[in-house]
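Since the structure comes first, as structure tokens, the remarks are kept for the end.
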Amino acid sequence: MLFFPIHLSVLLNLNLAYSEENKELGQDPIHITSDSMVAEKGSSMVEFIGNVEATQLDSVLLADSMKVYFVTDKKKKNQAQSNITKIVSTGNVRYTAGERKAFADEAVYTTVDDVLVLKGKAPKLVTGTSFVTGKKITLYRKQDKVIVESDGQKRVEALLNPEDKPDKKE
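Those letters in the sequence shown? Residues 0 to 169, per numbering that gives the first Met the number 0, in order.
Written out as structure tokens, the structure is:
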């Protein structure tokens with residue numbers, strides 16, 4: 000397995016489900032629409048199926064299906080952090096936040112460690128004309144770090160354009 004670390008300041012500062020000012024998932028509401036929703040009493044998961052669109056502030060996540068997992072421990076439900084522990088999106092996953100975009104077959108976001116994992120045939124992160132693609136992309140948001148892995152057959156590919164730097168002033 001090959002690893003390719005890259006500093007996010009050049010490529011992206013992806014924010015899946017929250018703003019830069021509000022670092023914890025859940026401080027801003029998430030609006031989710033879909034063709035159907037399945038929730039069972041006593042279950043710690045809700046599934047949204049068909050044309051799923053999740054919006055929070057300027058972030059939009061589109062997918063065929065999305066499973067949202069919640070805390071089941073009653074002691075933890077009263078903590079400041081959101082009750083959401085994990086969000087798993089599958090099928091034609093597309094994420095947009097400003098000029099930053101991500102594409103994958105599957106996206107798994109865990110709130111505790113603030114990590115987003117993109118998997119599938121060719122997951123891709125894009126900012127402007129810069130991009131990085133591989134077999135698996137792991138974004139460690141708290142550390143401002145991304146690891147892109149190949150499958151051993153197709154190598155990691157990146158195009159880094161300095162003009163796409165997020166801090167660039169017009």
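All residues carry an ideal CB built from backbone N, CA and C; glycine is no exception.
Do residue j and residue i come within 7 Å of each other at the CB atom, strictly closer than that value?
i      : j      : result
Gly133 : Val155 : yes
Tyr139 : Val114 : yes
Ser64  : Thr89  : yes
Lys66  : Glu52  : no
Asp34  : Asn50  : yes
Buried or exposed: residue i, going by 16 or more other Cβ atoms within 10 Å of its Cβ?
i      : result
Thr32  : exposed
Thr126 : buried
Gln142 : exposed
Pro122 : buried
Asp163 : buried
Lys40  : exposed
Lys153 : exposed
Ser58  : buried
So residue i and residue j are supposed to be a Cβ contact under 8 Å. How far apart are they, rounded?
i      : j      : result
Asp246 : Lys118 : Outside the shown range of the chain (0 to 169) lies residue 246, about which nothing can therefore be said.
Phe69  : Ile83  : 6 Å
Val131 : Leu124 : 5 Å
Val92  : Ala62  : 5 Å
Leu158 : Thr128 : 7 Å
Going by DSSP, which residues form a beta bridge with residue i?
i      : result
Lys100 : Thr95 and Val125
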